[in-house]
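Chemist:
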Amino acid sequence: MSPKESGMSRMLFPIGIQTFSEIRENGLVYVDKTEYIHNLVSTSKYIFLSRPRRFGKSLLLSTIKAFFEGRRELFEGLAIAEYEHDWEPHPVLHFDFSGNNYNSFKGFESQINRIFTEFENKYEITTDDADTFGVRFRRIIQTAHNKTGKRVVILIDEYDKALLETVDNEPLQEQIRNELRGIYGNLKGQDAHIRFAMLTGVTRFGYLSIFSDLNNLQDISMSEQYAGICGITTEELHKYFHERIKLFSKKEGTSVESVYKELKRNYDGYHFSPVNSPDIYNPFSLLNSLSECNFDDYWFRTGTPTSLVKMIRNGNISLQHLNNYDSGIRALSDVSFNLSNYISVLYQSGYLTIKGYDKEFRMVRLGFPNMEVERGFLNYLLCIYTDIPENETEFAIRKFVLDVRNGRTEDFMQRLQSFFSDFGYDSFDLKNLERHYQDVIYITMKLMGFHTDIEYKTASGRIDMLIRTADYIYIFEFKIDKSAKEALEQIDSKDYMLPFKADGRKIIKIGANFSSEIRSIDSWIIES
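Numbering-wise (our numbering), the sequence shown opens with residue 41 and increments by one.
1. Here's a check: name, in chain order, each residue in its chain whose Cβ is nearer than 8 Å to the Cβ of N316, leaving out the five neighbours to either side.
2. Answer with buried or exposed for E581, where buried requires no fewer than 16 other C-beta atoms within 10 angstroms of its C-beta.
3. Can you list, in chain order, the residues of its chain with a C-beta nearer than 6 Å to that of V193? Leave out the 5 residues immediately preceding and following it.
4. What whole-angstrom Cβ distance do Q213 and F377 have, given they're in contact under 8 Å?
5. Which residue from Q457, V444 and Q530 puts its Cα closest to that of G489?
6. Based on Cα-Cα distance, which residue from R154, K286, A106 and L114 lies nearest to E51?
7. Which ranges would you report for the alpha helix (DSSP H) in the stretch 341-425 if only whole runs of at least 4 residues count?
8. Could you pull out every residue in the same chain whose Cβ sits closer than 6 Å to the Cβ of G551, ignoring the five residues on either side in sequence?
9. At 3 residues or longer, what runs of the beta strand (DSSP E) sit wholly inside the stretch 522-564?
10. Is S102 helix, strand or coil by DSSP?
11. Taking buried to mean at least 16 other C-beta atoms within 10 Å of its own C-beta, is A542 buried or exposed?
12. Among F459, K497 and F335, which residue has its Cα nearest to the Cα of F554?
13. Roughly how many whole angstroms lie between the Cα atoms of S102 and T59?
14. Does DSSP put T188 in a helix, a strand or coil?
15. What number of angstroms, rounded off, separates the C-alpha of I196 from the C-alpha of G110?
16. Look at the alpha carbon of N306 and the alpha carbon of E297, and state the distance between them as a whole number of angstroms.
17. Select from F245, L327, K190 and D308 the residue whose C-alpha is nearest the C-alpha of S380.
18. Please work out which residues of its chain come closer than 7 Å, Cβ to Cβ, to Y76, disregarding the five sequence neighbours upstream and downstream, and give them in chain order.
19. How is the alpha helix (DSSP H) around E305 delimited, first residue to last?
20. If you draw a straight line from the alpha carbon of F137 to that of D200, how long is it in whole angstroms?
21. Within 10 angstroms of the Cβ of W127, are there 16 or more other Cβ atoms? Answer buried if so, exposed if not.
22. Given a threshold of 16 other Cβ atoms within 10 Å of its Cβ, counted over all protein chains shown, does L442 qualify as buried or as exposed?
23. Determine the extent of the alpha helix (DSSP H) in which T492 is found, giving its start and end residues.
24. If I follow the unbroken alpha helix (DSSP H) through Y514, where does it start and stop?
25. Out of I369, K486 and Y482, which one is the CA nearest neighbour of F312?
26. Kindly give me the distance between the Cβ atoms of N256 and K228, rounded to whole angstroms, as I take these residues to be in contact under 8 Å.
27. Near Y496, which residues of its chain fall below 6 Å by C-beta distance, leaving aside the five closest residues on each side in sequence?
28. From the DSSP output, in three-state form, read off H134 for me.
29. Whole angstroms is fine: what's the gap from C423's alpha carbon to I481's?
30. Tell me whether the beta-carbon of D511 lies closer than 8 Å to the beta-carbon of R545.
31. Taking R178 as the reference, which of Q151, R221 and L99 has the closest Cα?
32. Checking 8 Å against the spacing of the C-beta atoms, do F288 and C333 come in under that value?
33. When we look at the beta-carbon of S98 and count the other beta-carbons within 10 Å, is it buried (16 or more) or exposed?
34. Evaluate Y123 with the Cβ neighbour count: other Cβ atoms within 10 Å of its Cβ, from every protein chain shown; 16 or more gives buried, anything less gives exposed.
35. Between the alpha carbons of F435 and D532, how many angstroms are there, rounded?
36. Have a look at G501 and D562 and give me their C-alpha separation to the nearest angstrom.
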């Protein structure tokens with residue numbers, strides 16, 4: 041290996057490191073976002089930013105903290121160093137709600153009390169046991185300003201962590217919400233003492249519920265100007281990591297272009313503004329992939345969206361439509377505290393992203409951002425919809441792949457029957473049983489990598505499910521508590537085969553009946 045290659049192999053990646061000073065002092069690679077920070081601190085005062093987990097929000101706040109602390113040496117060579125700033129230190133009140141458990145009000149109080157006590161000790165503030173958190177925060181802001189002569193900077197990381205963790209405990213959430221109202225209300229009431237304030241989180245809860253009268257907060261979550269403030273753009277990928285990708289391509293035994301293409305397919309595709317948003321790569325997955333010179337599902341496996349998956353399963357929406365879902369822009373902005381608007385939650389959490397925009401009607405088209413998210417989401421859905429353990433889904437899918445790819449339809453149907461027979465009672469939505477069956481088969485086929493359509497439209501009706509492989513076209517018709525014969529007769533009577541007769545691939549018709557009594561397939565008929 042040449043010296044240059046050896047040097048690139050020692051490129052230090054900030055995996056899991058969210059402290060700006062540590063990255064700069066230890067020579068870790070830093071994608072320069074300080075142009076955005078210059079614009080923020082120069083033109084705005086109260087900011088809110090929503091981004092998915094592990095998308096660089098904490099590092100962004102850490103960078104802003106270092107700037108307002110006047111640590112000019114850390115910014116040498118970065119974009120913000122080209123602008124005139126006084127670089128005078130300001131008192132910075134930095135809150136990080138990410139690393140705590142909020143399953144009790146005592147745990148919440150302990151976290152807030154620890155943070156406030158640290159600031160009170162620093163500024164020699166005496167407290168009274170009767171003081172509320174709101175009163176203590178107001179006193180900290182005023183005292184920090186008066187003692188330093190500089191207005192205060194307030195940075196709140198993962199402001200919504202306690203609220204998200206208490207979705208299933210409404211009384212506890214209401215307690216926490218009342219305390220947060222008193223704390224966050226100071227961001228308006230103490231305006232004369234505040235130089236800059238920024239809150240970040242995954243989900244934006246409605247202002248009237250959580251921020252009370254805080255109507256001076258500028259939400260940049262869907263701003264065109266700040267669409268690239270977190271994550272890594274295509275331009276940044278080429279600028280900072282091209283040499284690493286050359287090394288990656290040698291390890292893979294493929295071209296540089298192929299590595300770029302695979303990185304894009306797996307980790308790119310996020311858009312945080314309806315118009316003119318750059319393509320954004322998931323920074324956590326991208327940096328892990330480049331560090332290991334390997335492709336894997338890094339981001340999705342760091343957190344299991346159990347509540348979100350259950351929302352989809354219980355919601356009145358076909359899974360196929362999740363990758364092609366129309367929504368109003370306003371509906372994506374705020375969510376309720378019970379997360380009932382699961383489409384907004386899926387968007388804000390990073391499982392869906394903006395794929396298109398209708399300016400006239402202010403509608404956006406949503407879909408999965410990339411293969412990592414779609415694959416991981418469907419894998420976990422399969423575990424929720426069925427009783428297959430998460431570590432066994434790939435093994436189960438492999439068997440289906442071989443059956444469908446090789447035209448072993450009888451084996452496939454027997455396996456599918458066994459598949460459904462293993463479901464627990466609670467796995468079934470008896471009110472929407474047919475959709476439940478369709479969703480499970482759709483998830484299975486998508487994970488198998490086949491082109492699958494649910495409710496495929498023809499001139500004479502809708503095919504329940506259509507699967508196309510390199511050699512076969514499968515036409516499925518399902519019935520509930522009827523007969524496989526009736527299902528097959530519908531395929532023939534509505535001439536579902538007509539659009540595919542000139543295709544050249546072998547057409548296989550499958551009529552199947554699901555029994556609500558045994559909660560499985562009780563019969564099927566196959567015809568070629």
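By construction, the Cβ of each residue, glycine as well, lies at the ideal position given by its N, Cα and C atoms.
Modeler: Working from what's here:
1. E264 and A267
2. In the structure as shown, the chain starts at 41 and stops at 568, and residue 581 therefore has no counterpart that could be examined.
3. F108, H130, V132, R235 and F236
4. 6 Å
5. V444
6. Going by the sequence as given, residue 51 is Met instead of Glu. Here the closest residue by C-alpha is K286.
7. 346-354, 369-373, 382-389 and 411-425
8. E517, A524, A527, L528 and I565
9. 546-555
10. helix
11. exposed
12. F459
13. 6 Å
14. helix
15. 19 Å
16. 14 Å
17. F245
18. Y266 and I269
19. Note that residue 305 is Arg in the sequence shown, not Glu. That run of the alpha helix (DSSP H) goes V296 to Y307.
20. 8 Å
21. exposed
22. exposed
23. Looking at the DSSP string, T492 is not in any alpha helix (DSSP H); the run it does join, the beta strand (DSSP E), is H491 to T498.
24. That residue, Y514, is in no alpha helix (DSSP H); its beta strand (DSSP E) goes Y512 to I520.
25. I369
26. 6 Å
27. I503 and L506
28. strand
29. 13 Å
30. yes
31. R221
32. yes
33. buried
34. exposed
35. 35 Å
36. 25 Å
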